[in-house]
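Chains as they are written, first to last, in our numbering: chain A, 112 to 251; chain B, 112 to 251; chain C, 112 to 251.
Don't be surprised by glycine CBs; every beta carbon is placed ideally from N, CA and C.
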């Protein structure tokens, strides 16, 4: 069994989807695994992970809008307000999406579909540095 | 370490939950893994995966209705409309559910609970062929 | 390759987030894996898993409130009513959150972020015993 681990730091400037598919592909290629399993893990609770279409940027815009409408700022029943009005909505949006993703590796590559991109979904307003762990295991 | 990989093609005829638990069990049994990890991966962004109750078909109906009401067609703020009125709602529903599932294997079987079934959740109106990758690793 | 498996039973007394991060850390430490992959799997369809902030209990309260408002009891279109008014909302909340979580292990520990806690998210009213499977694989 071979394994590799890496940590990406992704800089975000406000809410939205930040694609890092290329970094994931580069990590998988360097690991030299023929068949195996790739895991992507987000070390935060106010941003999250998403696999979504990367052909048309309008998809990113609409995902952003949907979540902003489903979980708006200013919901009057919120009690966790100490970290700002965007914090609790951020936790909720993270709960509705993913903290970890698992992707099989076949013939040396992640088995992504044609239109699938890997995104960090930032839910906070202010710029952040986000840590994402990449792990792969398998055989050459 | 032993590994096995397979790809299922699931034919869908409109929105709803398509169970493929039996295919997953068959794949796991054929792999002859005693202890290990099973991963199920959906290669699309307008359908998704779900583990849900498989005892009463009404649960499927209600899940379908809930998502159709939460993410209806015709939301007037949508900008990604080039692929039809059901496309962007499909991406949103996929974002709210799962693209990958991880299930431990113990005593040669996935550790599913009594009522758990594995479903492809189709979000598009027209018939589709959907690719789902199955991967298992572990030891006999 | 080394592997370990365990099953936790978590007692719940009504809806809400029940943290079991400490049990996960203890399991990972006992497995003596330096680099590897941890999987947490929920064997039910009316409760689920969530990684969320564990610094301020108000976050738990607000998550609970959000999901109770998004998926209230008494939605008049529900057809699956045989198991009580809280059952179908429970399935929907489980579908919107996670059944499985994957967490890389580095330097002998799960790569949790500073504020991340692991929760069982109970969606039923009555007390339940919930089974959660822990699996780890990797190398010392």
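- Of all alpha-carbon atoms in B:213, B:117 and B:244, the one lying nearest the alpha-carbon of residue 162 of chain B is that of B:213.
- Per the coordinates, the alpha-carbon of residue 171 of chain B lies some 6 Å from the alpha-carbon of residue 128 of chain B.
- With a minimum length of 3 residues, the unbroken runs of beta strand (DSSP E) contained wholly in the segment 126-191 of chain A fall at 127-130, 146-153 and 158-164.
- Ranked by how close their Cα comes to the Cα of residue 166 of chain C, the residues C:205, C:239 and C:224 have C:224 in first place.
- Residues of the segment 152-170 of chain A with a Cβ closer than 7 Å to any Cβ of chain B, in chain order: 161, 162, 163, 164, 167, 169 and 170.
- Contact between residue 147 of chain A and residue 247 of chain A holds, with the beta-carbon distance rounding to 6 Å and staying under 8 Å.
- Among the residues of chain A, those whose CB is under 8 Å from the CB of residue 148 of chain C are 148, 150, 246 and 248, following chain order.
- Per DSSP, residue 202 of chain C lies in no beta strand (DSSP E); the unbroken alpha helix (DSSP H) holding it starts and ends at 198-207.
- For the C-beta of residue 123 of chain A, not a single chain B residue is nearer than 8 Å; the gap to the nearest is close to 18 Å.
- DSSP places residue 250 of chain B inside the beta strand (DSSP E), whose first and last residues are 239-250.
- DSSP places residue 236 of chain C outside both helix and strand once states are collapsed to three, so it counts as coil.
- Shown here for residue 124 of chain B: same chain residues with a beta carbon closer than 6 Å to its own, the five before and five after excluded, namely 238 in chain order.
- Contacts with chain C at 9 Å (Cβ-Cβ) do not include residue 184 of chain A.
- The way I'd put it, the segment 129-146 of chain A doesn't touch the segment 187-194 of chain A; fewer than three beta-carbon pairs between them come closer than 8 Å.
- Under the criterion of beta carbons closer than 8 Å, residue 176 of chain A and residue 188 of chain B qualify as touching, at roughly 6 Å.
- With 16 or more other CB atoms across the displayed protein chains lying within 10 angstroms of its CB, residue 198 of chain B is buried.
- Pairing residue 178 of chain B with residue 207 of chain B gives a Cβ-Cβ distance under 9 Å.
- Within 10 angstroms of the beta-carbon of residue 209 of chain B lie 16 or more other beta-carbons, which makes it buried.
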